[in-house]
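Those letters in the sequence shown? Residues 16 to 498, per this note's numbering, in order.
C-beta atoms are modelled at their ideal positions from N, C-alpha and C, and glycine is treated no differently.
Given the structure is predicted, the values throughout are model-derived calculations rather than measurements.
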Amino acid sequence: MCARLVARKCYLDLICGRGTHVVLALIALLALVTLWIDLPIDHPNWARQALFWQQPPEYRDLEIKQGLDLQGGTQVLLEAKPAGDQRISAEDMQAAKVIVERRVNGLGVTEPLVQLQGENRIIVELPGIDNPDQAVQTLKSTGQLEFVEIGSFTNPQYPLVTQGVYVRTTTHDAVSDAATLGATPNPYPDVVFTTIMTGRDLKSAGVQLDRYGASSIGFVLTDAGAKIFADYTAQHVNGILAIVLDNVVLSAPRIDSVIPDGSGEITGKFTREEAKSLAVQMRYGALPVPLEVVNRRTIGATLGADSVRRSVTAGMIGLITVLLFMIVYYRLPGTLAAIALVIYASLNLALYKLIPVTLTLPGIAGFLLSTGMAVDANILIFERMKEELRWGRSLKAAVEAGFNRAWTSIFDSNLSTLITCLILILFGRTFGAQAVMGFAVNLGIGISISMFTAVTVTRTFMRAVLATTGGESLSDKPWLLGV
Numbered sequence: 016m017c018a019r020l021v022a023r024k025c026y027l028d029l030i031c032g033r034g035t036h037v038v039l040a041l042i043a044l045l046a047l048v049t050l051w052i053d054l055p056i057d058h059p060n061w062a063r064q065a066l067f068w069q070q071p072p073e074y075r076d077l078e079i080k081q082g083l084d085l086q087g088g089t090q091v092l093l094e095a096k097p098a099g100d101q102r103i104s105a106e107d108m109q110a111a112k113v114i115v116e117r118r119v120n121g122l123g124v125t126e127p128l129v130q131l132q133g134e135n136r137i138i139v140e141l142p143g144i145d146n147p148d149q150a151v152q153t154l155k156s157t158g159q160l161e162f163v164e165i166g167s168f169t170n171p172q173y174p175l176v177t178q179g180v181y182v183r184t185t186t187h188d189a190v191s192d193a194a195t196l197g198a199t200p201n202p203y204p205d206v207v208f209t210t211i212m213t214g215r216d217l218k219s220a221g222v223q224l225d226r227y228g229a230s231s232i233g234f235v236l237t238d239a240g241a242k243i244f245a246d247y248t249a250q251h252v253n254g255i256l257a258i259v260l261d262n263v264v265l266s267a268p269r270i271d272s273v274i275p276d277g278s279g280e281i282t283g284k285f286t287r288e289e290a291k292s293l294a295v296q297m298r299y300g301a302l303p304v305p306l307e308v309v310n311r312r313t314i315g316a317t318l319g320a321d322s323v324r325r326s327v328t329a330g331m332i333g334l335i336t337v338l339l340f341m342i343v344y345y346r347l348p349g350t351l352a353a354i355a356l357v358i359y360a361s362l363n364l365a366l367y368k369l370i371p372v373t374l375t376l377p378g379i380a381g382f383l384l385s386t387g388m389a390v391d392a393n394i395l396i397f398e399r400m401k402e403e404l405r406w407g408r409s410l411k412a413a414v415e416a417g418f419n420r421a422w423t424s425i426f427d428s429n430l431s432t433l434i435t436c437l438i439l440i441l442f443g444r445t446f447g448a449q450a451v452m453g454f455a456v457n458l459g460i461g462i463s464i465s466m467f468t469a470v471t472v473t474r475t476f477m478r479a480v481l482a483t484t485g486g487e488s489l490s491d492k493p494w495l496l497g498v
């Protein structure tokens with residue numbers, strides 16, 4: 016009977032040892048993958064394209080998204096200004112928000128914020144924007160797009176006008192102050208130009224390169240628009256067909272040839288930003304209500320870089336202090352917990368890149384707080400383990416009891432914190448408190464990861480050490496266990 020019990024114990028130890036080694040190998044693999052994600056390198060295209068949840072596809076990457084307070088950028092407050100007796104409804108503001116959001120995304124701004132504020136305002140944050148003036152103009156434009164017949168080089172029916180001139184058209188004959196639109200006054204104010212098509216006939220538009228390598232806008236028309244365009248271009252080769260937005264001529268290209276299939280290209284002296292802005296406004300249509308910029312605040316990149324430097328310094332000091340405390344006070348278990356804490360930090364950074372999470376100053380504070388709470392879990396475990404050793408239990412039994420009996424307290428405290436984080440996230444979304452939401456998101460992510468690293472990772476490390484040493488050598492050196 017005794018021989019059978021000994022054999023069974025040896026068999027279980029062997030199985031547990033093998034299981035520990037498998038888990039340890041998986042943890043090592045996870046650590047290597049997260050380290051590769053965290054490295055500031057140019058990751059291969061297949062890795063970026065695998066992030067299918069990041070949209071649009073051309074902006075998928077493995078980079079940290081910095082918020083306005085870290086990266087610098089522009090914050091714009093837009094206010095609805097109805098014309099005449101127009102009444103603004105909640106549906107109008109929601110539709111305006113969606114269109115503004117699409118325009119911002121089309122500009123390629125990383126992690127923008129578009130949020131309704133009150134009954135008639137929209138707040139927009141554009142971190143790291145290269146051309147804020149162009150972006151703001153794109154956002155507030157109501158987007159009444161028209162293809163307008165202007166004239167001809169050989170036989171002008173109408174006087175020629177150039178880019179930036181305010182014109183009147185057959186579908187948009189309102190007389191406005193050109194100066195308020197940032198346009199050049201029309202030298203022919205009595206002329207009403209003929210609209211050939213409107214934005215409703217446009218299916219898609221995007222930036223591309225022309226045959227000379229310059230930025231241009233490629234567009235595709237609907238079936239109805241393609242028929243209109245084919246008939247018109249067949250009769251007006253060498254004519255001028257202006258692209259007009261809100262009665263302002265954006266481009267006045269010449270029709271070089273017949274366009275029979277509804278696919279065309281707008282060329283001109285566009286910068287890439289200008290081409291992208293025009294394509295976005297063509298693609299995403301008109302706003303239901305005019306918007307006016309009532310406040311604009313710019314945060315310089317220098318101020319953001321200074322915030323990043325100070326935040327990184329504070330985080331490194333805090334992390335090193337915690338690691339030293341764990342190693343000095345708890346010795347071997349503390350050293351293993353310190354390694355787990357490094358894995359914890361690496362996992363956090365990898366998730367920030369994968370989700371992605373916008374990193375802000377409040378978000379950094381949430382990460383640092385979650386780091387302290389991760390250490391709290393290890394302290395609960397190690398103190399319980401020390402109590403078990405003082406009561407005369409074996410080292411292996413004390414380790415298992417420490418983790419098992421501390422788990423309930425760790426789970427309950429972290430669950431209550433996660434519930435609080437959820438409440439803060441809902442509060443931030445409802446009232447536009449992005450700082451609160453950023454803090455809560457990062458804290459919640461950190462708490463969730465800490466339950467894995469503080470329990471599973473540290474426990475696996477302890478089991479691996481016991482399996483390697485047998486536990487006898489450590490039992491003779493209680494000081495090495497912090498007892």
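Asked                                                                                                                      : Found
Length-filtered (4 minimum) alpha helix (DSSP H) runs lying within the segment 439 to 493                                  : 449 to 466, 473 to 484, 487 to 490
Straight-line gap, Q250 to D84 (C-alpha atoms, nearest Å)                                                                  : 55 Å
Range covered by the beta strand (DSSP E) that runs through G87                                                            : That residue, G87, is in no beta strand (DSSP E); it is neither H nor E in DSSP.
Cutoff 6 Å; reference L439; Cβ partners in own chain excluding five residues on either side                                : V451, A455
Local Cβ density within 10 Å of R298, reported as buried at 16 or more and exposed below that                              : buried
Short Cβ contact (9 Å threshold) for T386 with V337                                                                        : yes
Minimum C-alpha distance to V504 - residue among L362, I211, Q152                                                          : Residue 504 lies beyond the stretch modelled for the chain, which goes from 16 to 498, so this question has no answer here.
Opposing strand residues paired with P142 [DSSP bridges]                                                                   : G88
Buried versus exposed call for E161 [16 or more other C-beta atoms within 10 Å across all chains shown]                    : buried
Residue from I243, L404, M477, L77 whose Cα sits closest to the Cα of D216                                                 : I243
Beta-ladder partner(s) of K80, from DSSP                                                                                   : T373
Cβ pair count under 8 Å reaching 3, the segment 405 to 425 against the segment 363 to 380                                  : no
Cross-strand partners of L217 (DSSP beta bridge)                                                                           : L236
G197 versus Q449 - alpha carbon distance                                                                                   : Summary for G197: the model assigns pLDDT 48, below 50, so the residue's position carries little reliability; its value from the coordinates is reported in the next sentence. Going by the C-alpha atoms only, they are around 33 Å apart.
Beta-carbon separation (whole angstroms), T184 vs F208, contact threshold 8 Å                                              : 5 Å
Buried or exposed by the 16-neighbour rule on C-beta atoms within 10 Å, applied to E140                                    : buried
Same chain, Cβ closer than 6 Å to E106, five either side skipped, listed in chain order                                    : none
Cβ-based neighbour list, V437, same chain, cut-off 8 Å, excluding 5 preceding and 5 following                              : According to the sequence displayed, residue 437 carries Leu and not Val. Around L437: A455, G459.
Beta-carbon contacts of F382 that lie in its chain and below 7 Å, excluding the five residues immediately before and after : N363, N457, G461
Given 8 Å, three or more beta-carbon pairs between the segment 306 to 313 and the segment 78 to 93                         : yes
For I137 and K112, the rounded distance between their alpha carbons                                                        : 7 Å
Expected contact under 8 Å - CB spacing of T153 and S322 to nearest Å                                                      : That belief does not hold up - the Cβ atoms of T153 and S322 are roughly 28 Å apart, past 8 Å.
Whether V472 touches A355 by CB criterion (9 Å)                                                                            : yes
Assigned exposure category for R226 - 16 Cβ within 10 Å defines buried                                                     : exposed
Buried versus exposed, by CB contacts within 10 Å (16 or more), K284                                                       : exposed
Given Q132 as reference, the closest of L334, D205, V91 once Cα atoms are compared                                         : V91
Limits of the beta strand (DSSP E) - the one that A257 falls within                                                        : 254 to 260
At least three beta-carbon pairs within less than 8 Å, the segment 343 to 359 to the segment 464 to 471                    : yes
Reduced DSSP category for G32 - H, G, I as helix; E, B as strand; rest coil                                                : Low per-residue confidence applies at G32: pLDDT is 49, beneath 50, and the placement is therefore not dependable enough to give any value.
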